[in-house]
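What follows is a short report on a single structure.
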Amino acid sequence: MRKSTIYALLALFVWTMAVPATAQKKQQRSMKNLDPEATVEAVKQVIRKHQGLGGANFIETEIYPQFKKNPEVLTNIAHAFDFQANDTTNAFIYIERALAVDPKFVPAYVEKGSILSGWAKTQEDTLAAYGWFDKAIAMNPKSPLGYQAYSKALAKQHDYDGAAKKLEEILQHDPNYNVYVEIGNLYGAAEGLDYANKAIEAYAKADMAHMTSNQIAGYVTLLQAAGKAGQLGAYKRSDSLLTLALTKYPTDAKLNRLMMQNSVAIQKYDQAIAAADVLFNKSDSAEISLDDFMSYAKAYEGLKNYNAAIDQYRKCLDYEIVRKNYKSDDAFENAKFREERQKNTAWQAIAKAYDASGYTDKAIEEQKKFIEHRREQGKLDAPELQQLARFYESQAEISMGEEQRNMYKKYIETYIELAEVSPQNAALGYFNAFNYARYKLDPENKEWLYVPYAEKVMELIPFPFAEDAGQRDKIMLETVVARLGYDYFQNDQYKLSGKYWRMIAQINPDNAMYLRLYENKIIRKKLGL
């Protein structure tokens, strides 16, 4: 009925613009008993597509006569004029007509106030809008429409507390109205931690039995944000809410997604997997996201089922984001915007899962593939290489002999590459190479393998320190200089040793080893301190 009405009205409009009057009358007689809701939808299209081309006149002559006693249709026509064509003149005409039919018709007062609020430029304009909302409330104090519109206008002025108080006024006339859900939505849309907490407080007062799944999801989302901020009890509250909500909305995609995420956060991994199963296989209208695969995988990781976790991470990597799987362009574009970062995270997670399951060799293989992928993109950076170095370190700990030594060499090579790839981390790269060459590859210092790396650190962190030198740089330089000084001292190369200890005296005169050497007169003389 509705689609046919829309097509008929649009056809009638075109007809009346081009066909003689006798034929028009014949066509008009066939348009009796139009469906009100469908008519309003058609009017929106007529105004949007044909404003300035006779659309207003068409509505005046062909639509208005059939609905002149229907204040709801007249008010909606007013809204269409304002919203579709910014035509407040015709909008106000139809509001006046609606009120002439029913002087107590609340939506008409709300529409007039909303139009005034929308283009208000001065405080007087805003007050005029508030006046129409007050009239709406006066006409029917139990109707939420006036309070809601007034509250929305106050929120537009960033007076969120005033908006909340205005909504609460309905309780004086309808004590059972579930107003705290709306107050929760109001504060939840505002920015800032204080408002988020006020939203949570408001939702806590609401009657959950009368909350929609979207409203519950909004409440839980705020609680989870509080949990991430350190309020761990918020996760437990979310768990209770979701458990109850899913008895009423068992296949709701949003609620099952939130249950999966929340259960991972509180380590109820079996519960997370149960929610994931519903989300992926039984939920209504689910837009599966890469985050969903990630949460599913984390649940399996929590149960140490690494094979299943890796399977989910690979599904994340393989998942193709296409428009048909999303309800809106915005949702699709947001998914595409986040795609690369999320898939990179999943790829890293696969390598880490292999390592956690004891297959560090596979972790290394996976990480090297990921590094090549990032290199081809021209986006290889320090974190990817640091992770590979950690895997080499992990593999070295379970290896022996030449294989272990080879892992240490790979570790050093990785940090040298890091120094080349990420200049801002170059000193750190060579410092790690220094540590492993000195303490892992050549613990007895027979080959002095670490010296080139130590000297590179000294080159990259010159002394005296720059004004913006961080504590990490200071510690690294002191460490390598003291190591050189000590090892040359142990090798009876006092002249070289003294050179480095004199540097330490400037870098950190409270260095413990330096003070011990300095206190011995004989050593002090040998070192020239």
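Here the sequence shown stands for residues -23 to -1, 1 to 506, numbered as in mature numbering (1 follows the signal peptide of the UniProt record, and there is no 0). Where a beta carbon is used, it is the ideal one built from N, C-alpha and C, also for glycine. Since this is a predicted model, take the numbers as computed values, not measurements.
Buried or exposed (CB count within 10 angstroms, at least 16 for buried), residue i
i	result
S7	Per-residue confidence for S7 stands at a pLDDT of 43, beneath the threshold of 50, marking its modelled position as unreliable; the derived number appears in the next sentence. Exposed, since its Cβ has fewer than 16 Cβ neighbours within 10 Å.
K175	buried
M377	exposed
P42	exposed
I452	exposed
A166	exposed
E39	buried
E361	buried
K433	buried
G210	exposed
Y107	buried
K21	buried
S474	buried
residue 521	A query on residue 521 cannot be resolved here, the shown segment of the chain reaching from -23 to 506 and no further.
A115	exposed
K423	exposed
P48	buried
H56	buried
V458	buried
L148	exposed
A489	exposed
E159	buried
G169	exposed
D247	exposed
G406	buried
I24	buried
A329	Inspection of the sequence shows that residue 329 is occupied by Lys rather than by Ala. Result: buried.
G335	exposed
V299	exposed
Spatial neighbours of residue i in its chain, beta-carbon cut-off 8 Å, leaving aside the 5 residues before and after
i	result
Y(-17)	Any reading at Y(-17) must be qualified, since the residue scores a pLDDT of 46, below 50, and its modelled position is unreliable; no value is offered.
G95	D59
A446	I438
E370	M384 and Y388
F347	N321, W324, Q325, A328 and E361
Same chain, Cβ closer than 6 Å to residue i, neighbours up to 5 away in sequence not counted
i	result
A222	I193 and L232
L418	Y385 and L426
Y463	none
Y127	F110 and K143
A359	L395, S399 and N402
Y157	A179, K182 and A183
K320	L294
D229	S190
R415	Y427
K503	Y471
L365	Q344 and T391
Whole-angstrom C-beta distance between residue j and residue i, which should lie under 8 Å
i	j	result
Y124	W109	Wrong, their Cβ atoms sit about 13 Å apart, outside the cutoff.
V241	S215	Rounded, the Cβ-Cβ distance is 12 Å, inconsistent with contact.
Y296	F270	7 Å
I243	K281	Wrong, their Cβ atoms sit about 17 Å apart, outside the cutoff.
D332	A340	4 Å
A130	Y164	So it is not a contact: roughly 16 Å between Cβ atoms.
K304	E264	6 Å
A75	L93	Rounded, the Cβ-Cβ distance is 16 Å, inconsistent with contact.
A410	D450	The pair is not a contact, with the Cβ atoms about 16 Å apart (cut-off 8 Å).
N162	G195	6 Å
K89	I72	5 Å
Q381	A373	5 Å
V17	N53	4 Å
7 Å Cβ shell around residue i - same chain, five flanking residues per side excluded
i	result
H150	P118 and K119
Y495	R501 and L506
L122	V83, P84, V87 and A113
R493	none
A97	T103 and A106
I484	F440, L454, E455 and V458
E146	Y124
L461	A431 and Y477
Residues bridged to residue i [DSSP beta-bridge criterion]
i	result
D288	None; D288 has no bridge partner.
D151	DSSP, once it has assigned bridges, lists no residue as partnering D151.
D261	D229
Is the stretch 440 to 460 touching the stretch 388 to 399, taking contact as three or more C-beta pairs under 8 Å? no
Within the chosen definition, does the stretch 268 to 277 reach the stretch 301 to 314 through at least 3 CB pairs nearer than 8 Å?
no
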